Every structure is written in C-alpha cells, then in structure tokens.
Amino acid sequence: MKDVPTLPSSVDAWLWNFELTLGSSAPMAFNNGRQQIKVNVEVQANEHTGLAITPEQLESITLVVKQADGSYAPLSTDPRQAWFYSKEHDPRFDYYPTLNTFTASSPVARVLFDAPKTVSFFVSSRATAGSQLALRARITQSPGVHYYTDNIPFDSSLELTAMAAPSSSFPEDYIFEQVRDEGSVASGTFIHEWALSPRTVDFAYAEFLKYDRRGMIRWHERAFDERFATHVGIALPGDTHVHYDETLGLQGDFVDNRKVHHVDHVSDGQLVVLAQGDHHIPYFSGAPRREGPCTLHAVDRHGTSHYLNIGFDGKQRVDLRVTTRRAPRPRSASTAHLDFFQVRGLNSDQDNTQCVLYANGYQQTPITVVVGARNHRGEIIEVPDHILDQVEFIDYNTGARLPPSQYSISRFKNPCFDFHPSNFTARHFTSRNANFSGQGSSRTFYLSTKAVGTTKLGARLTYGGRTYHTNNRATATGGDVISGRSNSSASLRGLSQDYTFRADRFSVERVDLKSGDNWDLDRYELRFSDPNYQIRYSEHTPSHQNNWHYRRESRGFYQQAAYQVNDTREIIYPNLTITNRRIAFPINTPRGVAHAIRLRTRLGPPSPKRNGSTKVTYVDQYGNRHPLWLNPAAGGNLLKVSDRDES
C-alpha cells in the first residue's frame, strides 16, 4: 500500500519557492493599453512532503492585487480596465526601453524531485500616468485553499508603474526620407517613394480608420483641359501594396497601363508614401476636395499611437509634408493655456545650468520643470498632476525627443545612487514638488544617460490642445511663454567612468554566522577598501543570481552563494536538513556592504551540480561598475576574490 503524503499546513511546507520576478526590461509600461510588462511566477515544490505540483495547481496560478481590507482580488483580463493582463505576449510591441542590459533571473533549482516551473503573464495599463500597481500571485492547492506570494517566508511582490505615453511632433520626432526617384519632374512624369518612421522606434503597424483618406490627387492647374497630375497613395509597414482613394473614379490609360500598385521599398518599421506624376489623368470638377491630406493611424513598437496627415507642401504637387494630429482633449482644459514654462537644472533658476553625472545609466541628476497656467479669464489655475507627468524632454538644438536608448527619465530618485559630487546643490536637493511664487507648479524628474558628452535639454508639453516648447532662441531666457514657446534649458554632461576598483581594492571579511550539529554557515562581507565608496548594487550572470555558484560533495556539501545588493532583507534557507530546520540571516545591512555565504552541511539536500566561480559586477554609489570574481578555495570551504576565474 502506497503512503499518501500529508497535506502541508503552511505554504513553505509545500513549496520550496513561490515568487514573482520581472521578465521584461523594466517594471513600467506606457499607458496606451498595448505595451506589456512580462511578469513571471516561479514555483517549485518542497521535496520533503513528496507533493509535486500538479498541472491543475500550476494552471490555477493567477495575478492578484491586495485590497485595503487585506483580501485579494484577481487582476482583470478585460483590456478596458486601467490594469489588465494576458497570458500571450504580443510580439508587435517591445518592452519599455531601459538603459541597462536586462538579464532575466533563473529560478532557484535544488533537486530533481520536482523541477522549478514558471508561468508568465503580460500586464498592460491604461491608468493615469504615474499610477502604480502592487502585484502578487496566488496558487490554489485544493478547493478553497489558496496561497499567496506574500505569505511568509516568500514575501514576494512587484510594483508596476504606468508611464505617460509620449507625444510626437514633425519633423523633430520622425524620419521622412525619399527612397525612390524615377522619371523627371520637369516632364511631369515621375515616381517618388518616401519612407516615414519615428526617429527612435519603428512602427509596429498602421491602419486606416473609418473616416481616413487613403490617397489624394492634385492637378497642375484646376482646369477642365488639365491632364498633368500627381496621384498619391500609401503602403503600410511590411507591405508593398499601395492604398489609394478609390472613390476618385479615375479611368483611362493611366489606370489601365501606368498606375503603380506596389512600392519598391518595403520595411516592417516604416510606411511608404508613393507619389506618381503623370501627364494623362483627365481633370474633374471635384478635384479640389480630393487634394488631401491623406490620413491614417500608426502604432509604434512601444504601443504609442501616431495620428498622421500626409499632404502636399504648399500649392505645388511634388513635395510632401507630414503633420500630426492629437486625440481630443477634455473640454475643461481646452480654454486653458500656459504662460510660463521653465526647465531648471539642479533646481537652479540660472538658465542652462550644467548637470554633471556619470554616463553609466545608473546615476541620476534632477531636472525640474515649472509651469504656470491661466484660464480664459486670465486667472491662475493649477495644472493637474497627470498633465505634469506628460512633460517630455527634448534636445534643445533639434527639438527631437531624447532617444530612450541613451536616456532614462524617472519620476523618482533611485535610492541606491547618489548625485555626482560636483553638483553641490543637488546634495541638498529635495524631491518634493514645490510651488514657485508667481509662476506655478513644478514636477521634478530624474535623468540618467549612457551618452558621453554635453546635451542641452529643453522640454515640451501638450496642454489645452496645444504643444508648448522651451527651445525658442528668439526670446529672452527664462520661462515666459510667447506664441507657445519659451526659452529655457539645462545641460546634461555625461562623463566616462574614470576609475575601476580591482580585487585588491576590495575588503573581504569572514564572519562565523551560525552553526549546528551537522551544518555551519559563514557569511562574507565585501566592501571597497576606500571608505569614501560604498557598494550599492550588483549585476549577476543569469544562472548565478541569488543562487549557489559552487558545490562540493566530498565528506559533505560545501555550497557558496553571492547575493544581489539592493534592499536590506532576510534570507531564509528553508528545509536545510531532513528535520526541516531553517536558517535565516540578514543581507545588505549595513548599507554599502555586499554579502556572500559558505554553507557546509552533511544532512541537507544536494544543491545544483554547478562547480566553479561566479562573476559579480559591484556598482558603487555613483553608478560605476567594478567586476569581481568570487572563487572557491580550500576545496570549497573558503571564498576568495580575484580579477579572473580561478576555478
């Protein structure tokens, strides 16, 4: 007769691991309802109970949100909600752009009793910019018996943030270039192709909405005997087929023999505008109403909408121009306007203040934007927070939005890193949004960069149906708005890393932490030898993150692990021995210290068979990286550091 395993009385008696991890580049998504955040739920059974995770239990895993009364509500799958999820990744859209290379952590594997399992969810948002969502996960063990990732000892959750979907202006944020030039404009017979795409991200797709105009035509002269005309159509991304306004009713030799139906240039990330000049297209009386512009809706790979107008430039029929249109604004703001718009580096009212930072993607510098608004009666009014959250930073000289591959902008200061020491005023900088007498309200943003050199920053903001910029050189510096523009800036100076600490610049101290009859735990404390520097963060190879990197089985198990440096937390290594004894110990305290451990045990279950060293890159308070190898010594009983793999 087979033994029937006893149902566990607590989650950790059943599960070795149950946690939420981030599977995408950042815990953020633009609030367009399209971009996704990948959330992984990692789960593994505890071998001591003999209870493997069944397919039904795995299928029961879902994302939940903890309510104010302590209950849990499942996250919606309805795309009309502020936050919702799908179990399918939409390959049309990239994850939120980030400066730092992302490596997904792998689940902690201990034994082959029940392999670790991962269930992935893809979360999107339509919430107000800046809104946050604290996520947890739930698994159902049996009817009515649920466990959550914030149950002790796991205490796992993820906080997601909805970011303001960026706006775009032409020509600053687009590339519009001619890719085909055949025939002769002088003769009136030509074929031109123009490729259009956003400057920093490709289009994912484009479509014609119900009332969009798919094509246009313009004759050389509005006369009934005119036959010289330019016929324009559009090919959508990834397709050669040209869409035209088929209601024009064109007939004759042009339609039968010369009309171009396919473009030569095709790209998955661009749409192509085809302009064909011909000398045998009969004029008709309704022509002026068919001169455009062409209109369509395109969506980029970040899920952001672009409402585009493509028309003739001026009164001629060869050159084209692009304009953008925006979604309707709430009526309450339609009569309001900005009369003050200023960019402050380091919160200084001096124009073009230099903000110094290392170009490592981690260190930040504070940039404050001050705005003042008035209603139609000239009364000062408050600019809502959700409008302030939509401020975009631009290159002052070109007007283009800062490329997300080189710059990161956050509403919050990263607590791991300090400002550059040359920014003395920033040392005392407060992140509170202040009111500036006679000017209005402010919003502080924290910028990081990977671009070495100096960039002059401006800002832009759409308010009351109008887009305002701070890069008008024709007006006096300051924040006063004239015709939708002010003249205000700050300079971002990105520095290359100019020092790197090698192994001999690290201090390593071994501490006898805890021991028992059949086990012994040593904790290693790693510091920079220079007391002016602290370890604030660490980067790990995916297979070694927060996991054992060494194993030796002779006369017991010697195991070593290096833990990620971030928040102070307690590590609980459950079920160390066959008696289910646990070891708990704190890491990342005091601040500035990194931790690794060496565990010796005779009774514990075997760790993964991964022998050797591990490379950890420790990051200091200024965001600069210092790679280090952690090597086993004395057969695994000790740990030593070096500049190379010594395993």
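The opening position of the sequence shown corresponds to residue 110 in our numbering, with each subsequent residue numbered one higher. Ideal placement from N, C-alpha and C gives every residue a C-beta, glycine not left out. This one's a predicted model, so the numbers in the text were calculated from it and none came from an experiment.
Cβ-based burial, residue i [other Cβ within 10 Å; buried from 16]
i    : result
Q166 : buried
Y283 : buried
Y320 : exposed
R700 : exposed
F202 : buried
I591 : exposed
F554 : buried
H529 : buried
T563 : exposed
T270 : buried
Length of the line joining the Cα atoms of residue i and residue j
i    : j    : result
D428 : L131 : 47 Å
A535 : L635 : Low confidence applies to A535: its pLDDT is 49, below 50, so where it sits in the model is not reliable, and the reading given next is rough at best. Taking the straight line joining both Cα atoms gives about 29 Å.
K749 : A742 : 6 Å
P206 : Q144 : 11 Å
D752 : W738 : 6 Å
A313 : H340 : 26 Å
V479 : S624 : 58 Å
A407 : S277 : 12 Å
T579 : Q463 : 17 Å
S517 : P275 : 13 Å
Q499 : T571 : 8 Å
A670 : V617 : 15 Å
A273 : R331 : 46 Å
D676 : L160 : 33 Å
S134 : F521 : 17 Å
A442 : G567 : The predicted position of A442 is uncertain, since its pLDDT is 46 and thus under 50; a value taken from the coordinates is nonetheless stated next. Taking the straight line from one Cα to the other gives about 24 Å.
I489 : A482 : 6 Å
C403 : P252 : 58 Å
E679 : R645 : 17 Å
R486 : R235 : 33 Å
H302 : R399 : Looking at the sequence provided, one finds Glu at residue 302 rather than His. C-alpha separation (whole angstroms): 20 Å.
N740 : T171 : 40 Å
I326 : A338 : 7 Å
CA nearest to the CA of residue i, picked from the options
i    : options                : result
Q673 : V725, D631, N641, Q643 : V725
F610 : S598, D321, D639       : D639
N532 : N469, Q473, V152, F127 : Q473
T558 : L604, N580, F526       : L604
G324 : L417, T171, V232, P252 : L417
I706 : Q643, R632, G745       : R632
E151 : G142, I162, N141       : I162
R188 : D259, I326, R552, G142 : Checking the sequence shown, residue 188 turns out to be Pro, not Arg. Nearest option by C-alpha distance: G142.
T650 : N697, Y727, S598, D626 : Y727
H411 : P493, V310, T433       : V310
S266 : I490, E286, P252, L242 : L242
D607 : I591, G297, G732, G361 : G732
D729 : F615, F337, L269, G721 : F615
A468 : V561, S551, F333, I490 : V561
G744 : S647, P736, R552, L708 : L708
L380 : P307, A338, G361, D448 : P307
S519 : L124, H415, M137       : M137
D460 : Y505, K424, L497, R435 : Y505
L305 : G292, G378, Y353       : G378
D354 : A612, S240, F317       : F317
L447 : N456, S756, R575       : R575
Spatial neighbours of residue i in its chain, beta-carbon cut-off 7 Å, leaving aside the 5 residues before and after
i    : result
R367 : D387
E335 : W328, H329, Y392
P513 : P206, T309
Residues of its chain near residue i, where Cβ-Cβ distance is below 6 Å and the 5 sequence neighbours each way are ignored
i    : result
T349 : H371, V372, V375
R453 : T477
R363 : According to the sequence shown, residue 363 is Phe rather than Arg. Excluding residues within five positions, the ones whose Cβ falls inside 6 Å are D387, H389, I390.
F263 : F127, E128
H495 : T237, A238
V431 : F279, F285, I419
Y257 : R245, R247
L466 : Q472, T474, H529
Residues of its chain near residue i, where Cβ-Cβ distance is below 8 Å and the 5 sequence neighbours each way are ignored
i    : result
R582 : N596
V294 : G386, V427
D199 : R143, Q145, F231
P695 : T677, R678, E679, I680
Per DSSP, the bridge partner or partners of residue i
i    : result
R430 : G420
W738 : K724, S751
R709 : D629, Y667
C403 : I419
F317 : Looking at the DSSP assignment, F317 forms no beta bridge with any residue, so it has no partner.
H255 : T249
Below-9 Å beta-carbon distance, residue i vs any chain C residue
i    : result
T723 : Protein chain content of the structure displayed is limited to a single chain, and chain C is not contained in it.
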